[in-house]
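Each residue of the sequence shown is one higher than the one before, starting from 1 at the first, in the UniProt record's numbering.
We put the CB at the ideal spot given by N, CA and C, even for glycine.
For reference, the structure discussed in these notes is given below.
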Amino acid sequence: AASSPQLPFDPWATCLFGLLERQNVLQQCPSAVAQAWPICFTRLNALYSVIDPTPVSDNRASLLRSSAPTKKVPTESQKDSYLRLWRNQVACAMRLVPQIPSVAVRCASPDLSLSLQDQSDSRSLSDSLDNIPSNVFGPEGIVTRFTLPLSYGRKEARQKRLGSSPDSLNADRSDKSAMGSASPQALYKLVVPLLRCEVVDVRDAAVNALGLINHDALKDLMEELVVYIREAVDCKQENMRRRRRRDALRLQVVRVLEKIAENGTFGVSTCVLERDTMSLHPTFVLYISGAMGYLTSETDKDNLSIREVKAHFCNFIRKMIKNFPLEACATLLSRVLKRNLFNLFAAWCGSFSKPLGYTMQSDHT
Numbered sequence: 001a002a003s004s005p006q007l008p009f010d011p012w013a014t015c016l017f018g019l020l021e022r023q024n025v026l027q028q029c030p031s032a033v034a035q036a037w038p039i040c041f042t043r044l045n046a047l048y049s050v051i052d053p054t055p056v057s058d059n060r061a062s063l064l065r066s067s068a069p070t071k072k073v074p075t076e077s078q079k080d081s082y083l084r085l086w087r088n089q090v091a092c093a094m095r096l097v098p099q100i101p102s103v104a105v106r107c108a109s110p111d112l113s114l115s116l117q118d119q120s121d122s123r124s125l126s127d128s129l130d131n132i133p134s135n136v137f138g139p140e141g142i143v144t145r146f147t148l149p150l151s152y153g154r155k156e157a158r159q160k161r162l163g164s165s166p167d168s169l170n171a172d173r174s175d176k177s178a179m180g181s182a183s184p185q186a187l188y189k190l191v192v193p194l195l196r197c198e199v200v201d202v203r204d205a206a207v208n209a210l211g212l213i214n215h216d217a218l219k220d221l222m223e224e225l226v227v228y229i230r231e232a233v234d235c236k237q238e239n240m241r242r243r244r245r246r247d248a249l250r251l252q253v254v255r256v257l258e259k260i261a262e263n264g265t266f267g268v269s270t271c272v273l274e275r276d277t278m279s280l281h282p283t284f285v286l287y288i289s290g291a292m293g294y295l296t297s298e299t300d301k302d303n304l305s306i307r308e309v310k311a312h313f314c315n316f317i318r319k320m321i322k323n324f325p326l327e328a329c330a331t332l333l334s335r336v337l338k339r340n341l342f343n344l345f346a347a348w349c350g351s352f353s354k355p356l357g358y359t360m361q362s363d364h365t
């Protein structure tokens, strides 16, 4: 496509991403992946400030500007080399990014420092309450005397010692900073909005990286993309400027989905199919149905962006179906959706659709 020019061959990237295939490093060396992820995220985050396509302009007074250290601006050749490096780094990060852990909801206590020892103490207290002798109760059933387990006193003293220790506070802060410094959410918040970027090289780097997402993190990525998918399939009337921006977003979204399907990620991810019906997840059905409705109602025959969307959409459907075994294709899509897809693609075939009863003109394809 015209929007994704062919990049020069990069042997280092080819070797790297060959190693990062699912059956290689990702599956065989989980400890190496866990250690490489925060390093890769830190480096790409630091390099992004150099290739940032939207630098913040400094409009402060000259007196304030003179007091700040001047930042060295890289040359165009340096920016190009940095951008190639960042392209590989962000793609590598998408291969390494872990799944966002699910949050366990606990109603026992607002204290976040609950542990197994606390639970055992609670059980010992419950057992002690159940075994209260009858002579402990007063005339109205009120407990007049009762001795708590000694573990409660020890636990409170232990918590006071740990809470008052500077080492424990520093360790707690370091643990929180380490967890927040390289988070999957931060990676998605950085890369996904670049689908709207007007700098072609940066936008293509984001599309390439998102298309390389690993199968464990696909669910998290789709949760970030669902807002963009809903906007892409929206067919409301708007002015020419907004329409062009929406068409550009439609093109980038379908390119991402096509690349994910090209890498076979849909077939190995657990979030793609519904467990009960073994059909596609509603998010994918929403996109396919919405894209069909938009492309069917589109009447601009000379819009190059729409033609690219059509081509990538066809490739996305074809490659996605190949991700699954033949027996799974029976329940992948509903019968109505299959028929509508067939009719839509047949209408784009020009003269080749005549045996199917379609007589569409060639300029509609």
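Alpha carbon of residue i to alpha carbon of residue j, nearest angstrom
i	j	result
residue 433	threonine 75	Given that the chain is displayed from residue 1 to residue 365, the structure contains no residue 433 and the question cannot be resolved.
leucine 225	serine 351	37 Å
valine 97	valine 336	37 Å
glutamine 23	leucine 16	14 Å
arginine 242	glutamate 231	12 Å
leucine 295	glycine 264	25 Å
leucine 249	arginine 196	6 Å
threonine 331	serine 49	46 Å
arginine 275	histidine 281	9 Å
valine 207	aspartate 234	21 Å
isoleucine 321	leucine 333	10 Å
histidine 215	valine 272	10 Å
valine 25	lysine 72	38 Å
glutamine 99	aspartate 302	42 Å
residue 374	leucine 83	Since the first residue shown for the chain is 1 and the last is 365, residue 374 is missing from the structure and cannot be characterised.
tryptophan 12	asparagine 340	43 Å
alanine 346	alanine 311	13 Å
proline 53	threonine 277	44 Å
serine 77	threonine 42	23 Å
leucine 187	serine 102	17 Å
isoleucine 39	leucine 344	46 Å
cysteine 349	lysine 338	17 Å
Sub-8 Å separation of residue i and residue j beta-carbons
i	j	result
leucine 221	leucine 212	no
tryptophan 86	leucine 20	no
valine 309	leucine 257	no
glycine 267	phenylalanine 342	no
phenylalanine 316	alanine 261	yes
leucine 218	serine 269	yes
arginine 203	leucine 190	no
aspartate 247	serine 305	yes
threonine 299	isoleucine 229	no
Buried/exposed call for residue i, threshold 16 Cβ in 10 Å
i	result
lysine 354	exposed
lysine 259	buried
arginine 318	exposed
residue 372	Any question about residue 372 goes unanswered here, given that the chain covers just 1 to 365.
isoleucine 51	buried
glutamine 27	exposed
alanine 46	exposed
methionine 292	buried
asparagine 239	exposed
phenylalanine 9	exposed
Any non-hydrogen atom of the ligand COA closer than 7 Å to residue i Cβ
i	result
asparagine 263	By its list of ligands, the structure shown contains no ligand whatsoever, and the ligand COA lies outside what it can speak to.
* Kindly confirm or deny that the segment 179-192 and the segment 18-32 touch, where touching means at least three C-beta pairs closer than 8 Å. => no
* Asked: What are the complete alpha helix (DSSP H) segments, minimum 4 residues, inside the segment 276-341?
  -> 282-297, 304-322, 329-332
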